[in-house]
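Asks: In terms of the numbering used here, the sequence shown has 189 at position 111, counting the first letter as 1, and numbering is strictly consecutive.
Got a structure for you, written out below as structure tokens; questions coming shortly.
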Amino acid sequence: MTTIEKTADAPAPRSGAQESEPLLQVRDLHVEFHTRDGVAKAVNGVSYSVAAGETLAVLGESGSGKSVTAQAIMGILDMPPGRIPQGEILFRGRDMLKMSGEERRKIRGDKIAMIFQDALSSLNPVLTVGYQLGEMFRVHRGMSKKDAKAKAVELMDRVRIPAAKQRVNDYPHQFSGGMRQRIMIAMALSLEPELIIADEPTTALDVTVQAQVMDLLAELQREFNMGLILITHDLGVVADVADKIAVMYAGRIVETAPVRELYKSPAHPYTRGLLDSIPRLDQKGQELYAIKGLPPNLLNIPAGCAFNPRCPQAQDICRTDAPVLHDVAAERGSACHFWKETLHG
Ligand code: ADP
Ligand code: MG
Numbered sequence: 079m080t081t082i083e084k085t086a087d088a089p090a091p092r093s094g095a096q097e098s099e100p101l102l103q104v105r106d107l108h109v110e111f112h113t114r115d116g117v118a119k120a121v122n123g124v125s126y127s128v129a130a131g132e133t134l135a136v137l138g139e140s141g142s143g144k145s146v147t148a149q150a151i152m153g154i155l156d157m158p159p160g161r162i163p164q165g166e167i168l169f170r171g172r173d174m175l176k177m178s179g180e181e182r183r184k185i186r187g188d189k190i191a192m193i194f195q196d197a198l199s200s201l202n203p204v205l206t207v208g209y210q211l212g213e214m215f216r217v218h219r220g221m222s223k224k225d226a227k228a229k230a231v232e233l234m235d236r237v238r239i240p241a242a243k244q245r246v247n248d249y250p251h252q253f254s255g256g257m258r259q260r261i262m263i264a265m266a267l268s269l270e271p272e273l274i275i276a277d278e279p280t281t282a283l284d285v286t287v288q289a290q291v292m293d294l295l296a297e298l299q300r301e302f303n304m305g306l307i308l309i310t311h312d313l314g315v316v317a318d319v320a321d322k323i324a325v326m327y328a329g330r331i332v333e334t335a336p337v338r339e340l341y342k343s344p345a346h347p348y349t350r351g352l353l354d355s356i357p358r359l360d361q362k363g364q365e366l367y368a369i370k371g372l373p374p375n376l377l378n379i380p381a382g383c384a385f386n387p388r389c390p391q392a393q394d395i396c397r398t399d400a401p402v403l404h405d406v407a408a409e410r411g412s413a414c415h416f417w418k419e420t421l422h423g
């Protein structure tokens, strides 16, 4: 697969995605942080869903609220200063925000797993990876030490760590970045979750290794028919693995679409800007487009459309009226007053 580079054609649709009842549904989620300087509105009415066997890519520049949304789903938000004034997070139709602490912990421990960007800080440096993988089975599944270790080796094999039987006794620092991230994937898979949230899982890796880790994740997700929320700031990473994309800007979803259609014809100027800033195989040597300006200060989000100060298409209405997410086509939405012009322009 390609990681950074994009070919001229839109990616082919993936098979295996299902039209079943969503596994996870986030509805009108708001998250704010109460800081000394004021209230930072990090998430401002996000709705998205993912079904079993489906991959949703959540895309957006740094600070757009991707991780905070994921932390709200996982129940690992810093509260305070964080607060969820509004919204629902339904897992198989039931709102996790309304569950008892114990019920919530059971779902988040057993059914949803998370993979973070930085494996080195997620793993304990003084314990072998075998011990840490085995711990999942000893603690959560009550297995004996011997069985847990055998399971650890099996998982390391699954994520294609060479010589797993020997390497199970190695410490995290003895692995390369890519191998460590494979161990994180193994950890996430250990309890056979229904949903994996991967937050920039390959951002810290070399480009070639990024592609391998992403392919592995996509393959395992298909095999186990898990839902996958793949958070990234890199549109090039998601082309081959995602079914659909939600593009975030200033805590809102500004565009959502099946991946192929979004590549072919974006319906929001922000998405178009992101697409135009990916290097293309067929246009080597050309200067890359970059979206001008910076994302807004979340303490003071611009009136109207939050993207208007950076938007090449902005008109008066964009500075006064916040656009809602318009239905653009089946399963497509755009929060742009001028989505028609963008789509066909
Ligand atoms: P990203 O899209 O890069 O993952 P985040 O979801 O991490 O962005 O952050 C969204 C915004 O929320 C950022 O501006 C960040 O400063 C703010 N934020 C996140 N966590 C906290 C916190 N604990 N306290 C205050 N602000 C926070
Ligand atoms: Mg983040």
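Built from N, CA and C at the ideal position, the CB exists for glycine as well.
Verify whether the separation of the beta carbon atoms of T147 and V319 is less than 8 Å.
Replies: Start at 1 with the first residue of the sequence shown, and residue 147 comes out as number 69. Start at 1 with the first residue of the sequence shown, and residue 319 comes out as number 241. Their beta carbons are not under 8 Å apart, which means T147 does not touch V319 by this criterion.
Asks: Scan the stretch 290-370 and note each continuous alpha helix (DSSP H) run of 4 residues or more that stays entirely inside, going in chain order.
Replies: Within the stretch 290-370, the complete alpha helix (DSSP H) runs of at least 4 residues are 313-316, 337-342, 347-354.
Asks: Does the structure place the stretch 258-276 close enough to the stretch 328-347 that three or more beta carbon pairs sit under 8 Å?
Replies: No, the stretch 328-347 is not in contact with the stretch 258-276.
Asks: So P344 and E409 are in contact, right, with Cβ under 8 Å, and what is the actual spacing, rounded?
Replies: Against the sequence shown, residue 344 aligns to sequence position 266. Against the sequence shown, residue 409 aligns to sequence position 331. Going by Cβ atoms, the distance from P344 to E409 rounds to 15 Å, so no, they are not a contact pair.
Asks: Just checking D277 against the ligand MG - is the residue's beta carbon closer than 7 Å to any of the ligand's heavy atoms?
Replies: Here residue 277 refers to the residue found at position 199 when the sequence shown is read from its first residue. It does: the Cβ of D277 is within 7 Å (strictly closer) of some heavy atom of the ligand MG.
Asks: The ligand MG and S145: does any heavy atom of the ligand fall closer than 7 Å to the residue's C-beta?
Replies: As a working mapping, residue 145 is identified with position 67 in the sequence shown. Yes, Cβ of S145 sits closer than 7 Å to a heavy atom of the ligand MG.
Asks: So, V315 versus I323, is the Cβ gap smaller than 8 Å?
Replies: The residue labelled residue 315 in the question sits at position 237 within the sequence shown. The residue labelled residue 323 in the question sits at position 245 within the sequence shown. No, they are not a contact pair.
Asks: Could you check the C-alpha separation between G153 and R186 for me, to the nearest Å?
Replies: If you number the sequence shown from 1, residue 153 lands on position 75. If you number the sequence shown from 1, residue 186 lands on position 108. The straight-line gap from Cα to Cα measures roughly 8 Å.
Asks: Between P159 and the ligand ADP, is the CB less than 7 Å from at least one heavy atom?
Replies: As a working mapping, residue 159 is identified with position 81 in the sequence shown. It does: the Cβ of P159 is within 7 Å (strictly closer) of some heavy atom of the ligand ADP.
Asks: Can you list, in chain order, the stretches of the beta strand (DSSP E) that have 3 or more residues and sit fully within the stretch 145-182?
Replies: 160-169, all fully within the stretch 145-182.
Asks: Taking L107 as part of the beta strand (DSSP E), name the residues at either end of that continuous run.
Replies: For the purposes of this step, residue 107 is identified with residue 29 of the sequence shown, where counting begins at 1. Here the beta strand (DSSP E) through L107 covers 100-113.
Asks: Where do the N-terminal and C-terminal ends of the alpha helix (DSSP H) with Y126 fall, by residue?
Replies: Counting from one through the sequence shown, the residue named residue 126 turns up at place 48. Here Y126 belongs to no alpha helix (DSSP H); instead the beta strand (DSSP E) covers 116-129.
Asks: Please indicate yes or no: does the CB of S142 lie closer than 7 Å to some heavy atom of the ligand NAP?
Replies: Among the ligands in the structure shown, the ligand NAP does not appear; only the ligand ADP and the ligand MG can be found there.
Asks: Could you check how far apart the C-beta atoms of D277 and Q195 are, in whole angstroms? I think they sit under 8 Å.
Replies: Position 199 of the sequence shown, counted from the first residue, corresponds to residue 277. Position 117 of the sequence shown, counted from the first residue, corresponds to residue 195. The Cβ separation is near 6 Å, so the contact holds.
Asks: What separation, rounded to the nearest whole angstrom, lies between the Cα atoms of V402 and K184?
Replies: On the sequence shown, position 324 is the one that residue 402 refers to. On the sequence shown, position 106 is the one that residue 184 refers to. Computed Cα separation, rounded: 36 Å.
Asks: Where does K418 land, buried or exposed, given buried means 16+ other C-beta within 10 angstroms?
Replies: Looking up residue 418 in the sequence shown gives position 340. With fewer than 16 Cβ atoms within 10 Å of its Cβ, K418 is classed as exposed.
Asks: Could you check where the alpha helix (DSSP H) with G256 kicks off and where it finishes?
Replies: Here residue 256 refers to the residue found at position 178 of the sequence shown. G256 -> alpha helix (DSSP H) spans 255-267.
Asks: Quick one: grab the DSSP three-state call for H422.
Replies: Residue mapping note: residue 422 aligns to position 344 of the sequence shown, counting from 1. DSSP places H422 in helix when its eight states are reduced to three.
Asks: My assumption, with CB atoms under 8 Å, is that A266 sits in contact with M157. Please give the rounded CB distance.
Replies: Within the sequence shown, residue 266 is the residue found at index 188, counting from 1. Within the sequence shown, residue 157 is the residue found at index 79, counting from 1. Incorrect: roughly 24 Å between the Cβ atoms, too far for contact.
Asks: Could you check where the alpha helix (DSSP H) with A228 kicks off and where it finishes?
Replies: Position 150 of the sequence shown, counted from the start, is the residue given in the question as residue 228. Counting along the chain, the alpha helix (DSSP H) containing A228 begins and ends at 223-236.
Asks: Can the beta-carbon of A129 be found less than 8 Å from the beta-carbon of G305?
Replies: To locate residue 129, count along the sequence shown from 1; it is residue 51. To locate residue 305, count along the sequence shown from 1; it is residue 227. Against a cut-off of 8 Å, the Cβ pair of G305 and A129 comes out as a contact.
Asks: CA-CA distance, S222 and E213?
Replies: Here the question's residue 222 lines up with position 144 in the sequence shown. Here the question's residue 213 lines up with position 135 in the sequence shown. Roughly 10 Å between the two C-alpha positions.
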